[in-house]
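Undergrad:
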Amino acid sequence: MASTAQSTSSTLPKGVAPLRAGVGNSFLWRRLHSLTGIVPVGLFLLEHFLSNAEALNGVGAYNAQVKFLTGLPFRLGMEIFGIFIPLAFHALYGVYIWWRGENNVIDYPWAGNWFYTVQRYSGILVFAYVTYHIWYMRFAGVHLVDHYDASFWKVQHELSHQLALGIYVVGVIAASWHFGYGLFLFAAKWGIVTGKKAQKRAQAAGIALSILLMLMGLATVYAFVTAEPQKKNPVWDQHSESAPEQSRLIPQSTPSSQAR
Amino acid sequence: MANKSVLFKIKRQASPSTEPFWEEFEVEYRPGLNVISLFMEVAVNPVTRAGKPTTPINYDSNCLEEVCGSCAMLINGKARMGCSALVDNLEQPITIEPFSKFPVIRDLQVDRSVLFENLKAVKAWVPIDGTYALGDGPRILPQVQEQAYQLSQCMSCCCCMEACPQFNESTGFVGAATIAQARLFNMHPTGKVLKQERLAALMGDGGIQECGYAQNCVEACPKDIPLTRSISDVGGDVMKKAILDFFRT
Ligand code: SF4
Ligand code: SF4
Ligand code: FES
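If you read the sequences in order, they're chains A and B.
Residues in the first sequence are numbered consecutively from 700, following the numbering used here.
Residues in the second sequence are numbered consecutively from 59, following the numbering used here.
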């Protein structure tokens, strides 16, 4: 009797577990996920959109902005602790959250549920896009820390590929939405905006910010695509610490080698 | 015979361990029929649409006026109360299923004890037990009464949890109803004594942090309980507690 009861109980659906009061750290991690989405990741996103919009002011302005950013003191430390680690945490914990959520928007096609679903999937999209974007812009090809003056060319060159252009447009839209709506979610979950009317306003404000960022990002992409095509300087392929020295040497050495 | 009939199909299950199966029924139309009254018709004449004799349908119900919370089920895919689901407003054939996130006992009857466990975990009561008379309780301002009354109408139907995309076996999320009840008892001048314990409980695994703010709960709740408002409110309380705990303990 007891043995049969045991063997069936292991196969029976148990349903959702009750609250584990006083157990675990998920509160801390989940709230940290929420917070890192705003500070520093969201703040960085705003800076990044604004800096990139310098492209609207032309090649010189854009490259100068990159020079300014790459020349900031503690650049590497800020990159690692201010951007990379929080961003990686937000992304990876976000995938975990996405994994444990569920889609029921077909049965419950309500606005909030649509937004919830879009928030989950836009997060995944942004994760994929940003991984590609960081790899290409920060690590692969011409190194912009060594050659800030290659910045405009590098982005323009990248966007000249149809597929890359498509990926960037989708990435900009997804990131804008995820941040703007995420700001509303932050305000609602942390109890900053609680009332019904106030939440309606906050939601509208979040969505408005999303749209603003989208327009800004797409205008920037447009500026790159429509600007006069830049030429690649072979010096830019010189890499690492010694690059600035070489870039001074090479223009001098080229005429002399031609003379010989 | 009937010139108009009602078509519906029910996902049935004989016991917790057996496979579910569908049965189709047809009963004579009457104005004002609701889903529970369809089941009553089947009990009078337990025969499927195909003419096969079957057993009466097993389901929970009690008040038949949407106040007891027992008759919750999935009707045309949505979590709602059978007794207040009027046939006139439903698309036919009506599909009726037991809740999907609670273990089935038999047919439409499910085990919703998880909500009771959750209410116990957050101490959703006013502690007044003692060995001597405590005298009159403190006064409750009418403004507070008004807010509390809304929350006190929760009938533990679990619609808010069934509809919530975060309430599932991998999160083990507590669900909106319990959070709203924690808020109700935190509002009470005597119930407040357990406020910190309630908030601490809601910070455990499966606690308030698992809410993804999809707002299905508030849409699904048959009693129009301000659930998302409660989640935000308690969310703020919990953050205040977390920050104070960080600096003051
Ligand atoms: S707001 Fe959404 S995620 Fe939160 S409890 Fe309600 S339905 Fe669930
Ligand atoms: S909050 Fe509403 S939906 Fe949830 S259990 Fe209570 S009455 Fe039912
Ligand atoms: S029977 Fe009580 S709510 Fe339906």
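By construction, the Cβ of each residue, glycine as well, lies at the ideal position given by its N, Cα and C atoms.
Keep in mind that this is a model prediction, so the values were computed, not measured.
In angstroms, rounded to a whole number, what distance separates the CA positions of N103/B and A130/B?
TA: Looking at the two C-alpha atoms, the distance is approximately 23 Å.
Undergrad: Which residues in chain A sit within 8 Å of V172/B, going by Cβ to Cβ distance?
TA: Per Cβ cutoff of 8 Å: G714, V715, A716, P717.
Undergrad: Whole angstroms are fine: how far does the CA of I784/A sit from the CA of Q951/A?
TA: Note on Q951/A: pLDDT 43, under 50, position unreliable in the model; no value is reported.
Undergrad: By DSSP's criteria, M915/A is part of a beta bridge. Which residues make up the other side?
TA: Paired residues: none, contrary to the question.
Undergrad: Is M131/B near ligand 2, in the sense that its beta carbon is under 7 Å from a heavy atom of that ligand?
TA: Not so, every heavy atom of ligand 2 lies at least 7 Å from the Cβ.
Undergrad: So L912/A packs on F748/A, CB below 8 Å; how close in whole Å?
TA: Rounded, the Cβ-Cβ distance is 6 Å, consistent with contact.
Undergrad: If you draw a straight line from the C-alpha of L843/A to the C-alpha of F767/A, how long is it?
TA: Rounded to whole angstroms, L843/A to F767/A spans 12 Å at the Cα level.
Undergrad: So which residues of chain B does N803/A contact, with C-beta pairs closer than 8 Å?
TA: Residues of chain B passing the Cβ test: A221, P223, N274.
Undergrad: For the beta strand (DSSP E) that T153/B lies in, which residues bound it at each end?
TA: 152-155 is the span of the beta strand (DSSP E), which, as asked, contains T153/B.
Undergrad: Rounded to whole angstroms, what is the Cα-Cα separation between S80/B and L718/A?
TA: Residue 80/B is actually Trp in this sequence, not Ser. About 33 Å.
Undergrad: Could you tell me how far apart the beta carbons of E124/B and K69/B are, in whole angstroms, since I believe they sit closer than 8 Å?
TA: Going by Cβ atoms, the distance from E124/B to K69/B rounds to 23 Å, so no, they are not a contact pair.
Undergrad: On a Cα-Cα basis, can you pick out the residue from E82/B, K110/B, V64/B, E77/B that is closest to G90/B?
TA: Of E82/B, K110/B, V64/B, E77/B, the residue nearest in Cα terms is V64/B.
Undergrad: Does the Cβ of K899/A have 16 or more other Cβ atoms within 10 Å, making it buried, or fewer, making it exposed?
TA: Its Cβ having fewer than 16 others within 10 Å, K899/A is exposed.
Undergrad: Using a Cβ-Cβ cutoff of less than 7 Å, which residues in the same chain neighbour D169/B once the five nearest sequence positions on both sides are dropped?
TA: Excluding residues within five positions, the ones whose Cβ falls inside 7 Å are F160, P161, I163.
Undergrad: To test your reading of the DSSP string, which unbroken alpha helix (DSSP H) runs of 4 or more residues are found completely within the stretch 838-906 of chain A?
TA: For the stretch 838-906 of chain A, whole alpha helix (DSSP H) runs of length 4 or above, ordered along the chain, are 850-858, 861-888.
Undergrad: At the level of alpha carbons, what is the spacing between Q957/A and H732/A?
TA: Low confidence applies here, because Q957/A scores a pLDDT of 44, under 50, leaving its location unreliable and the question unanswered by this model.
Undergrad: When you check each C-beta in the stretch 224-237 of chain B against every C-beta of chain A, which residues fall closer than 9 Å?
TA: Listed by position, the residues of the stretch 224-237 of chain B near chain A (Cβ gap below 9 Å) are Q224, F225, N226, E227, S228, T229, G230, F231, V232, G233, T236.
Undergrad: Would A259/B count as contacting chain A if we go by Cβ distances under 8 Å?
TA: At least one chain A Cβ lies under 8 Å of A259/B.
Undergrad: Against chain A, with Cβ distances strictly below 8 Å, would S128/B count as a contact?
TA: Cβ-Cβ to chain A under 8 Å: no for S128/B.
Undergrad: So for M131/B, helix, strand or coil by DSSP?
TA: Here M131/B sits in strand by DSSP.
Undergrad: Closest to A235/B by CA distance: which of Q224/B, Q203/B, M213/B, L148/B is it?
TA: For the residues Q224/B, Q203/B, M213/B, L148/B, the minimum Cα distance to A235/B belongs to M213/B.
Undergrad: Below 8 Å between beta carbons: does that hold for G840/A and R819/A?
TA: Not in contact: G840/A and R819/A (Cβ atoms no closer than 8 Å).
Undergrad: Counting only runs that start and end within the stretch 189-236 of chain B, where is the alpha helix (DSSP H) found for 4 or more residues in a row?
TA: DSSP runs (the alpha helix (DSSP H)) wholly in the stretch 189-236 of chain B: 200-210, 217-221.
Undergrad: Any heavy atom of ligand 2 closer than 7 Å to the Cβ of L285/B?
TA: Indeed, a heavy atom of ligand 2 lies less than 7 Å from the Cβ.
Undergrad: Between A238/B and ligand 1, is there a pair consisting of the residue's CB and a ligand heavy atom that are separated by less than 7 Å?
TA: Not under cutoff, so the answer is no.
Undergrad: On the DSSP letters alone, give me the boundaries of the alpha helix (DSSP H) that W798/A sits inside.
TA: Note, W798/A: alpha helix (DSSP H), 784-799.
Undergrad: Please identify, using Cβ separations under 9 Å, the residues of the stretch 136-150 of chain B that lie next to chain A, in order along the chain.
TA: Under the 9 Å Cβ criterion, the stretch 136-150 of chain B contributes K136, A137.
Undergrad: Using the beta-carbon count (16 or more within 10 Å), is A60/B buried or exposed?
TA: The predicted position of A60/B is uncertain, since its pLDDT is 48 and thus under 50; a value taken from the coordinates is nonetheless stated next. With fewer than 16 other Cβ atoms within 10 Å, it is exposed.
Undergrad: Are the C-beta atoms of T307/B and some chain A residue less than 8 Å apart?
TA: Not closer than 8 Å to any Cβ of chain A, the Cβ of T307/B fails to qualify, so no.
Undergrad: Would you mind giving the Cβ-Cβ distance between P185/B and L242/B, rounded to the nearest angstrom? I have them listed as a contact below 8 Å.
TA: No, P185/B and L242/B are not in contact; Cβ-Cβ is about 14 Å, not under 8 Å.
Undergrad: Quick check: I266/B and I301/B, are their CB atoms within less than 8 Å of each other?
TA: Not closer than 8 Å, so no.
Undergrad: Can you name the residues of chain A whose CB is closer than 7 Å to the CB of S214/B?
TA: Within chain A, no residue comes near S214/B; the closest Cβ sits about 14 Å away, beyond 7 Å.
Undergrad: When you compare the CB of P161/B with every CB in chain A, is at least one pair closer than 8 Å?
TA: For P161/B, the answer is yes, since a Cβ of chain A falls inside 8 Å of its Cβ.
Undergrad: What's the gap between the Cα of A143/B and the Cα of A874/A?
TA: Using only the alpha carbons, I get a separation of about 42 Å.
Undergrad: For a test of the three-state rule: what should DSSP assign to R88/B, helix, strand or coil?
TA: R88/B: coil per DSSP, three-state reduction.
Undergrad: Would you check if the distance between the CB atom of N882/A and the CB atom of I737/A is smaller than 8 Å?
TA: At residue 882/A the sequence reads Leu, which differs from the Asn that was named. Yes.
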